[in-house]
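> I am attaching a structure below and will ask some questions about it afterwards.
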Amino acid sequence: MTGELVALSRALHAEPELAFEEFRACERITNLLRRLGFEVRTGVAGLPTAFDARFGSGDLEIAVLAEYDALPGIGHACGHNIIAASAVGAGHALARVADVLGITVRVIGTPAEETGGGKVLMLHRGVFDSVAAAVMVHPGPVDIVGAVSLALADVAVEFRGVETHASAAPELGRNAADAATVAQVAVGLLRQHLASDQQIHGIVSDGGDAPNIVPARSEMLYYLRARSAESLADLTRRVEAAFAGAALATGCTHSVRTVSPTYEELSPDAVLAAAYRDEIAALGRTPIPAAAEESRPLGSTDMGNVTRVVPGIHPIIGVESGGAVTHQPQFAAACVGPSAERAIVDGALALAGAIARVATDDVQRARLLDGVARRRSGIGDAGSGGDGAGSVGDGAGSAGDGGSHEGEERA
1 MTGELVALSR ALHAEPELAF EEFRACERIT NLLRRLGFEV RTGVAGLPTA
51 FDARFGSGDL EIAVLAEYDA LPGIGHACGH NIIAASAVGA GHALARVADV
101 LGITVRVIGT PAEETGGGKV LMLHRGVFDS VAAAVMVHPG PVDIVGAVSL
151 ALADVAVEFR GVETHASAAP ELGRNAADAA TVAQVAVGLL RQHLASDQQI
201 HGIVSDGGDA PNIVPARSEM LYYLRARSAE SLADLTRRVE AAFAGAALAT
251 GCTHSVRTVS PTYEELSPDA VLAAAYRDEI AALGRTPIPA AAEESRPLGS
301 TDMGNVTRVV PGIHPIIGVE SGGAVTHQPQ FAAACVGPSA ERAIVDGALA
351 LAGAIARVAT DDVQRARLLD GVARRRSGIG DAGSGGDGAG SVGDGAGSAG
401 DGGSHEGEER A
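Residue numbering for the sequence shown follows the UniProt record's numbering, starting at 1 and increasing by one per position.
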């Protein structure tokens, strides 16, 4: 089985595909799952590259999540090829003991983590309604069990001005590129007054067509991050005020649109995390101390939305990367090779082992089943070992939305 998982990872790595375009990846993963005896549905939740593979008939439904989208320009520099292969491996390991554990195993393929929020869309469309626990593992430079992340808003601001000849009649123009420049300055000055948990990153995606034409349109893409939804909402208001001021100062108009659904912060389930920590340690790995996890938020991920509703974990599995971090070309190179192959197997075994521990603990099994019942009846908290269910984001965006996410995770 190890050989098949490694081959899958290498094939995905060799042919990276962007968000909502992961057709070859989806086909490769689902073909392998079918050979392993899973019943597979594709195109779930109205997303062509999403899938749901099931094995077993137990009352406790366990979801192992696969990601497989890549980054523009640098391919699998976030290691989603490892995530997908580990998910198949964990699903297969659990399927072999599904009857003993009394579980239904679901390997759920979630497209568009880097941009588009595939998991958020699937969450809103009912894919996770009967799931008792959701787990996945993500590669990184070090092992982290209770990984935390930042809430994220993915927005685009468009400025509209008036075209004119930049030399012959500049007084007739209203320069949308100037509006983008003023916005960058305003956001840059705002940074000195941000809370310690807030971050802003942005690029100019359109700044005009030619030097002798005053640009009538410009566009900027921004990620806004914070440790909580409340802090993110405050940051969003302040940044949007900077955009509005830039438009006013340059005589332009502007509009702001949501590129992807809002990503909420991870809320790891404490019991699942403790079980995973024991399993990964038994495999000879030494994750960072639990006390240090809160000081190392790992970008943002749409898995955060899932863990706010369903008990779940999103640990980081260490890959030897020579000091490189995710979203660097050197990390993409590290996501194939002996260390990456070990990460696939260790991640799969640790996830499966953690689920087996919880499924065979009468108290925890009852907690997870009760969480499903409470969610279905609309009664409060899902019963996670984290900080509660929370909301599931704003649900904006669609499979057609554009943009590009960095994922540190994102995760």
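Just so it is clear, CB atoms sit at the ideal spot from N, CA and C, and this is done for glycine as well.
Per DSSP, what kind of secondary structure is Glu-154 in: helix, strand or coil?
Here residue 154 refers to the residue found at position 154 when the sequence shown is read from its first residue. For the sequence presented, residue 154 should be read as Asp rather than Glu. Here Asp-154 sits in strand by DSSP.
> When you compare the region 120 to 134 with the region 201 to 210, are there three or more beta-carbon pairs, one atom per stretch, that lie closer than 8 Å?
Contact fails: fewer than three Cβ-Cβ distances are below 8 Å.
> By Cβ distance, which residues of its chain are closer than 6 Å to Ala-112, with the 5 residues on each side in sequence left out?
Within the sequence shown, numbered from 1, the residue matching residue 112 stands at position 112. Excluding positions up to five away in sequence, the list reads Ala-19, Phe-20, Asp-69, Gly-118.
> I'd like to know if the region 98 to 106 and the region 330 to 349 are in contact, where contact means that at least 3 CB-CB pairs between them fall below 8 Å.
The answer is no - the region 330 to 349 does not touch the region 98 to 106, with fewer than three Cβ pairs under 8 Å.
> Where Gly-312 and Val-44 are concerned, what is the direct C-alpha to C-alpha distance, given to the nearest angstrom?
As a working note, residue 312 is residue 312 in the sequence shown. As a working note, residue 44 is residue 44 in the sequence shown. Their backbone Cα atoms lie some 21 Å apart in a straight line.
> Taking the CB atoms as reference points, tell me whether Ala-66 and Ile-29 lie closer together than 8 Å.
For the purposes of this step, residue 66 is identified with residue 66 of the sequence shown, where counting begins at 1. For the purposes of this step, residue 29 is identified with residue 29 of the sequence shown, where counting begins at 1. For Ala-66 and Ile-29, yes; Cβs fall inside 8 Å.
> Quick one: residues in its chain with C-beta nearer than 6 Å to the C-beta of His-76, no 5 flanking neighbours on either side, listed in chain order?
Numbered from 1 along the sequence shown, position 76 holds the residue referred to as residue 76. The answer, listed in chain order, is His-13, Pro-16, Ala-70, Ala-332, Cys-335.
> For Gly-37, tell me which candidate among Asp-278, Ala-84, Gly-46, Arg-106 has the shortest Cα-Cα distance.
The residue labelled residue 37 in the question sits at position 37 within the sequence shown. When only C-alpha atoms are compared, the closest one is Arg-106.
> Quick one: grab the DSSP three-state call for Phe-38.
On the sequence shown, position 38 is the one that residue 38 refers to. Note: Phe-38 maps to coil in three-state DSSP.
> Taking the runs of the alpha helix (DSSP H) that are 4 residues or longer, which of them lie wholly in the region 240 to 298?
List check, alpha helix (DSSP H) in window: 270 to 282, 290 to 293.
> Would you be able to state if there are at least three C-beta pairs under 8 Å between the region 267 to 280 and the region 222 to 238?
Result no; under three Cβ-Cβ pairs closer than 8 Å.
> I'd like the span of the beta strand (DSSP E) that includes Ala-226, first residue to last.
Here the question's residue 226 lines up with position 226 in the sequence shown. Ala-226 -> beta strand (DSSP E) spans 217 to 226.
> With DSSP run on the structure shown, which of helix, strand or coil describes Ile-74?
Indexing the sequence shown from 1 puts residue 74 at position 74. It is coil, neither helix nor strand.
> If you reduce the DSSP assignment to three classes, tell me which class Asp-206 lands in.
For this step, residue 206 is matched to residue 206 along the sequence shown. In this structure, Asp-206 counts as strand in the three-state DSSP scheme.
> Spell out the partners DSSP gives Glu-61 in its beta bridges.
Here residue 61 is taken as the residue at index 61 of the sequence shown, counted from 1. Glu-61 pairs with Thr-104.
> Three or more C-beta pairs under 8 Å: does that hold for the region 183 to 193 against the region 240 to 250?
These segments touch.
> Nearest to Ala-25 by alpha carbon, out of His-80, Pro-72, Ile-62?
Position 25 of the sequence shown, counted from the start, is the residue given in the question as residue 25. The shortest C-alpha separation from Ala-25 is found at His-80.
> Given a threshold of 16 other Cβ atoms within 10 Å of its Cβ, counted over all protein chains shown, does Gln-192 qualify as buried or as exposed?
As a working mapping, residue 192 is identified with position 192 in the sequence shown. Exposed: under 16 other Cβ atoms inside 10 Å.
> Given a cut-off of 8 Å on the beta-carbon distance, is the pair Glu-163 and Glu-219 in contact?
Sequence index remark: in the sequence shown, residue 163 carries index 163 (1-based). Sequence index remark: in the sequence shown, residue 219 carries index 219 (1-based). Cβ atoms of Glu-163 and Glu-219: not closer than 8 Å.
> Phe-159 by DSSP, collapsed to three states: which one?
The sequence position of residue 159 within the sequence shown is 159, counting from 1. Note: Phe-159 maps to strand in three-state DSSP.
> Could you check whether the Cβ of Arg-217 sits closer than 8 Å to any Cβ belonging to chain D?
Given the protein chain composition of this structure (a single chain), no chain D is represented.
> What would DSSP say about Asp-346, mapped onto helix, strand or coil?
Here residue 346 corresponds to residue number 346 of the sequence shown, with the count starting at 1. The answer is helix: DSSP assigns Asp-346 an H, G or I state.
> Of the residues Ser-267, Thr-326, Ala-247, His-201, which one's Cα is nearest the Cα of Val-142?
Taking the first residue of the sequence shown as 1, we reach residue 142 at position 142. Nearest option by C-alpha distance: Thr-326.
> Go to Gly-52, then tell me how far its beta strand (DSSP E) extends in each direction, as first and last residue.
Residue 52 sits at position 52 when you count from the first residue of the sequence shown. According to the sequence provided, residue 52 is Asp. The question's Gly does not apply to it. That run of the beta strand (DSSP E) goes 51 to 55.
> Kindly indicate which three-state DSSP category Val-6 falls into: helix, strand or coil?
Residue numbering aside, residue 6 sits at position 6 when the sequence shown is read from its first letter. Helix.
> How about Ala-151 and Glu-264: are their beta carbons less than 8 Å apart?
The sequence position of residue 151 within the sequence shown is 151, counting from 1. The sequence position of residue 264 within the sequence shown is 264, counting from 1. Yes; because the gap between Cβ atoms is below 8 Å, this pair is in contact.
> Between which residues of its own chain and Ala-343 is the CB-CB distance below 6 Å, once the five residues before and five after are set aside?
For this step, residue 343 is matched to residue 343 along the sequence shown. If we look at Ala-343 and ignore the five residues flanking it on each side, its Cβ neighbours are Ile-82, Pro-139, Ile-317, Val-319.
> Taking the Cβ atom as the reference point for each residue, do Ala-176 and Ala-216 lie within a distance shorter than 8 Å?
Sequence index remark: in the sequence shown, residue 176 carries index 176 (1-based). Sequence index remark: in the sequence shown, residue 216 carries index 216 (1-based). Against a cut-off of 8 Å, the Cβ pair of Ala-216 and Ala-176 comes out as a contact.
> When DSSP builds the beta bridges, which residues end up paired with His-165?
Here residue 165 refers to the residue found at position 165 when the sequence shown is read from its first residue. For His-165, which the question treats as bridged, DSSP gives the partners Ile-213.
> Are there any heavy atoms of the ligand HEM lying less than 7 Å away from the beta-carbon of Asp-197, as far as the coordinates show?
Because no ligand of any kind appears in the structure shown, any question about the ligand HEM cannot be addressed here.
> Taking the DSSP output, what are the residues bridged to Pro-139?
Indexing the sequence shown from 1 puts residue 139 at position 139. DSSP output for Pro-139 lists Ile-317 as bridge partner(s).
> Tell me which same chain residues have a C-beta within less than 6 Å of the C-beta of Ala-352, skipping the five on either side of it?
The count along the sequence shown starts at 1 and reaches residue 352 at position 352. Correct list, in chain order: Ala-90, Ala-93, Leu-94.
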